[in-house]
Each structure stands twice: as structure tokens, then as C-alpha cells.
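One structure is given below, encoded as C-alpha cells.
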Amino acid sequence: MRRFAVLSLLLTATLAACGPGDPGAPAARAEPDAALPRQATAEELATLRRAEEILERRCMTRAGFDLPAAPEPVRTGPEPPPMALVLADLVWAREHGYGARVRTPEETARLRADDPVGDHLRALTPERRAEALRAWQGGGVDTVEVTLPGGMTTGRSTRGCTSEARGELYGDFRTWFGADAVDRGVTALAMSRAQADPAFTKALRGWSDCMAGRGLPHESPQRLRAALGDEAPEAKEIEYAVAEAACAVGSGLAEVATDVEERHLAQVREQYLADVINARRMRLAALPEADRIVRDEESSRLNTHKKGTR
Amino acid sequence: MKQYVRSILATAAVIGLVATAGPAMAASDTGPSAPAAAGAAPGAPTPVRPGADLSKLAAADGADGYLYAYDLPNFRGDWCRWDRDDEWWGDSCGNFNDRATSLWNNGFPGLFSEVSLRRDVNPSTNQSVFCIEAGSYYADLSLGYERFLDGGWADNAISGHRWFTDDADYIHDPHYAC
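Residue numbers (numbering that gives the first Met the number 0), protein chains in the order written: chain A, 0 to 309; chain B, 0 to 177.
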């Protein structure tokens, strides 16, 4: 840890090269439309996802497959700041790098070593394994599909435990599938448009010059992160994240990014408002039940293995 | 031949764009319990329609868990499949570099169940990604724009893939862990 303290001191010292840099916290995202239900928080989304997994496993048990519980994530931590276009929170960057999107080689090794579900599946006969996959994923029959805001068609089977669990939690799989996919597609399309926005690409030049001055000559945060990859030693990850954030603040890219992002999000969201509203409502409506499912599961797990090791 | 198909598809894509430009879509085909924003919101939800039958695509040998890629839309044409990482599709199934137009992730849920699809092979040059969840498919990349992280076309541009585990779901950033 001391190593990182020294490193961040060094980085702070070189910050001046990028211009005035009082990083501060990035502005909270204003919700442009008051009539819109609020977005679920990252913590709430994690609860929903946990509940989906629990329901999936129960469904698999009913189908005759007793799967072990999945292990906990290897890297957890507070919710990262928005960084779809650029990471601009220097304090966060110094402390957490890019958060859960990057793992150290040790974390990756730990993740690969602890795969109880995979081990269970690999121990089955090929026939049985194929049956398990069909029970889980639906085997590609009775699919539904939807056209995403970007134009692509995405679909999945309405059968199988992954879809059944979502139907159970959100009320109706088909409606949920469409609303969720389109809602996420709205963000994806808006971010892509924001990245191509002339205001953003213009501001990117200052950022990129600043980055070159720090010995990381990359033309965009996306290229920088691609160069880092999803597995890197912590010091390297923090070096990249701090450089990205320092240059975002110093070059003014941070402010431009926020404006551009909000503008495009508002535009695309307006066009798919019914889907966005449905997805948000369904998530919020499912929360109490998801909370209960997760709590029940945890207490029953504690009862089964006297000591909760996880 | 493929170029010809692609130009037809590009035209179709333009038509598709025009068709989706209006706020009010055709009456939605959603289930009865749809909590649709009746009245309040302008426009109905995007319709959800019956999709492709993929049951014949899965491996005849039973044990599946593959990522499938097809040369043409809707799981037609030459194809290839992988059950592990492959960073360079150029030597897979003849050569599958820059060819995929439809995809199905028939991988096992759990660890390393999502697939990150990559453009180009040199991580320091022009690499970008988009992801596909276990169980999901993309029937026609030629209709889709702006899907790689940097906004590039995904159709006929995928060069490799990796299976990954998404520990976090950040809804404001579709590419966060992707």
C-alpha cells in the first residue's frame, strides 16, 4: 500500500503538467425528466442480479440439477463514478483505478481457481451437461427478439431457468426482455453518438496532448483502456486511471463530456421513453421481492453451514 | 456475393432507421401484464416479436457451451464456433476474421459466461469491444450501428473474442465491464 501512496504523490507532482487541476468530485448527473422513474442504484442492481441468480438456481434444482452457489466477486468496492466517455474523478482514480472493470493477475487467478459451478458441470457426462444447458438457457427454442435503438436485433429463449427467473422477478419475461434490452440500448447508442459528437472529439485533442505529455500517447480514453486491457497490476491500472482523470480535468474534457453525454442521452431517451419508463419501473417494483429473496437465501445458507464462510 | 448482400442490408438498415424514427411504434405485442406507460408516455414500447429457432444449431454431440458466429444474417452461411478464448479468428474455420454477421452465445451461465467480441488484434492500435451475454443472440449485425465501444461498425469487423465474468452491472455504462 505504501508503494501506492508514493506513486500517487509522484503522480500528483506531475499533475501540474496538465494544467490547473483541482479535481473535486464530478457533478452528479441531473435527471432531466422529473416524470421519469429514477434509475436503480448500482447496489440495487446488484441485489436484483443476486435475486435472479438465486431464482435461477432454484429453477435448476426443480429441473434436477443441484448446482452449487456461485462464488462472490473477486473485486468489490464502492460504485465507480460515471466513466463511459472519460473518467474524471481523480480522487477515485487514485484509490480504485478503474474499479471492477480491471483485475490484477492475482485476482484473475483467484477467479479462475474458484469455479464451483463450472467444476460441477465439467463432472457431468456430456449428455447430462447438454441437458443442463438446455434447462438453463432454453436451448434456442421459443425465442423472442427486439430491435435495439442502434438497429440490431437481439433475442433470447423464453424457456430455460435464466429467462424463467427474470419473468418471476419482474412479472413478465417478454415485457422485461424488451424493456431492459431497449433501455440499455438507449444508453449504448447515446454514448456512441456522444463519442462521435464534434464537441467531444474537439475537446479530445487537448486531453490527448496532455496524455502524450505523460508518456501515454493515446487518442481517446477508450484506446487508453484498450491498451491497459482488463488484467493489469494495480500500480499500472492506477497510473492509467490517474492520468486519464488528471488530463480530463486539466484539459476541460470532463465538462464537455458531461454536457455531450447528457444531451445525447436525453435525445435518445425521449425517442424510447416508454421502454425506459417500463424498464425503470419494473426494476424498482421488483426490488422488495428481490431483497426478500436475497435475505432468505443468506439466512438459510448461514443455517446450513453453521459458519458463513463467505 | 457477400458485398451484394451487404448493400441490400445497408438499404434495409436505412429503411429500418426511418421506420423507428417516429416516436409512436406499431401496437406492441407485449404480454398481458405489461406495466406499459399507458397514456402517460408518448409512443408505445418497442414491440417484442417471436425470434429465431436456434435449436438445430446447437452441437449434435450434445455438450454445447459454444459461441457461434455466422457469415450471414439470421444464422446462415459459413459458420464457426468456439468454447474457449480465441484472440484471432483469422485461422479459425478457414478464416473467420471480419466476417461475423450473426452471433449466438450458447455458453454456460456462471463464471466466464459472457463474451467480449473484439475488433482487430493489436491491443495498442485499434481494438474495441462489444459484449454478448450467455443465452443471447444478435441476429443481424449489418443492421446495427455504433456497437463497438468506440462507435465503429460491428458487422464484418470482429476479429477475436474472450469469455469474461461481469462482476458488476453499471447501467449507466453499458461497456463498463465489457
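Virtual Cβ for every residue (Gly too), placed ideally from N, Cα, C. Just so we're clear, the structure is a prediction, and the values are computed from it rather than from any experiment.
Range of the contiguous beta strand (DSSP E) that encloses residue i
| i | result |
| --- | --- |
| Leu116/B | Glu113 to Arg118 |
| Arg80/B | Arg75 to Trp81 |
| Arg158/A | Where Arg158/A is concerned, there is no enclosing beta strand (DSSP E), given that its DSSP letter is neither H nor E. |
| His171/B | No beta strand (DSSP E) contains His171/B, which DSSP labels as neither H nor E. |
| His160/B | Gly159 to Phe163 |
| Ala223/A | Rather than Ala, the amino acid found at residue 223/A in this sequence is Leu. Here Leu223/A belongs to no beta strand (DSSP E); instead the alpha helix (DSSP H) covers Pro220 to Leu227. |
| Leu102/B | Ser101 to Asn104 |
Span of the alpha helix (DSSP H), counted from its first residue to its last, around residue i
| i | result |
| --- | --- |
| Val181/A | Phe172 to Ala195 |
| Tyr67/B | Counting along the chain, Tyr67/B falls outside any alpha helix (DSSP H), though it belongs to the beta strand (DSSP E) covering Leu66 to Leu71. |
| Glu105/A | Pro104 to Ala112 |
| Gly146/A | According to the sequence provided, residue 146/A is Thr. The question's Gly does not apply to it. First-last for Thr146/A: Thr142 to Thr146, but that is the beta strand (DSSP E), not the alpha helix (DSSP H). |
| Tyr239/A | Glu233 to Ser250 |
| Leu182/B | There is simply no residue 182/B to check, as chain B begins at 0 and stops at 177 in what is shown. |
| Ala92/A | Leu89 to His95 |
Min CB distance residue i to chain A below 8 Å
| i | result |
| --- | --- |
| Leu110/B | yes |
| Thr100/B | no |
| Ser135/B | yes |
| Asp166/B | yes |
| Leu66/B | no |
| His160/B | no |
| Asp172/B | yes |
| Leu140/B | yes |
| Asp97/B | no |
| Asn105/B | yes |
| Asp63/B | yes |
| Tyr175/B | yes |
| Tyr169/B | yes |
Beta-carbon spacing of residue i, residue j below 8 Å
| i | j | result |
| --- | --- | --- |
| Trp162/B | Asp84/B | yes |
| Asn96/B | Ser158/B | yes |
| Thr164/B | Leu54/A | no |
| Asp141/A | Thr152/A | no |
| Phe147/B | Cys177/B | no |
| Thr100/B | Ser135/B | no |
| Ala253/A | Ala247/A | yes |
| Arg49/A | Val293/A | yes |
| Arg102/A | Ile237/A | no |
| Val47/B | Val143/A | yes |
| Val267/A | Ala189/A | yes |
| Trp175/A | Met59/A | no |
| Thr46/A | Ala273/A | no |
| Val185/A | Tyr271/A | yes |
| Arg279/A | Pro36/A | yes |
| Arg213/A | Ala242/A | yes |
| Val116/A | Ala256/A | no |
| Leu132/A | Phe107/B | yes |
Interface flag, residue i vs chain B, CB-CB below 8 Å
| i | result |
| --- | --- |
| Leu203/A | no |
| Asn302/A | no |
| Asp258/A | no |
| Arg291/A | no |
| Ala83/A | yes |
| Thr142/A | yes |
| Arg49/A | no |
| Asp21/A | For Asp21/A, the pLDDT reaches just 36, beneath the cut-off of 50, and the residue's location in the model is therefore unreliable, although a value from the coordinates is still provided. Judged by the 8 Å Cβ criterion, Asp21/A is not in contact with chain B. |
| Thr153/A | yes |
| Pro79/A | yes |
| Val145/A | yes |
| Ala244/A | no |
| Asp229/A | yes |
Burial state of residue i, where buried means 16 or more other Cβ atoms lie within 10 Å
| i | result |
| --- | --- |
| Glu71/A | exposed |
| Asp179/A | buried |
| Asn277/A | buried |
| Leu388/A | Lying outside 0 to 309, the shown extent of chain A, residue 388/A is not represented and no answer is given. |
| Ser219/A | buried |
| Gln38/A | buried |
| Pro44/B | buried |
| Arg121/A | exposed |
| Arg300/A | exposed |
| Ser250/A | buried |
| Pro80/A | buried |
Distance cut-off 7 Å: residue i Cβ against heavy atoms of the ligand COA
| i | result |
| --- | --- |
| Pro72/B | The ligand COA is not part of the structure shown, which contains no ligands of any sort. |
Residues of the region 42-56 of chain B whose Cβ lies closer than 7 Å to any Cβ of chain A, in chain order:
Gly42, Ala43, Pro44, Thr45, Val47, Arg48, Pro49, Gly50, Ala51, Asp52, Leu53, Ser54 and Leu56
Could you name the residues of the region 170-186 of chain A whose beta carbon sits closer than 7 Å to any beta carbon of chain B, in the order they occur along the chain?
Gly170, Asp171, Arg173, Thr174, Phe176, Gly177, Ala178, Val181, Arg183 and Thr186
At a Cβ cut of 7 Å, what residues of the region 111-135 of chain A count as close to chain B, listed as they run along the chain?
Asp114, Val116, Gly117, Leu120, Pro125, Glu126, Arg128, Ala129, Leu132 and Trp135
Scan the region 55-70 of chain A for residues whose Cβ lies nearer than 9 Å to a Cβ of chain B and list them as they occur along the chain.
Glu55, Leu66, Ala69 and Pro70
Can you give me, in chain order, the residues of the region 156-171 of chain A that have a beta carbon less than 8 Å from any beta carbon in chain B?
Ser156, Gly159, Thr161, Ser162, Gly170 and Asp171
Where the region 262-293 of chain A meets chain B: residues whose CB sits under 7 Å from a CB there:
Gln270, Tyr271, Leu272, Ala273, Asp274, Ile276, Asn277, Arg280 and Met281
Can you pull out the residues from the region 71-82 of chain B whose beta carbon lies closer than 7 Å to at least one beta carbon of chain A?
none
Against chain B, which members of the region 192-218 of chain A pass a CB distance test of less than 8 Å?
Arg192, Gln194 and Ala195
Could you run through the region 92-110 of chain A and flag, in chain order, every residue whose CB is less than 8 Å away from some CB of chain B?
Gly98, Ala99, Arg100 and Leu110
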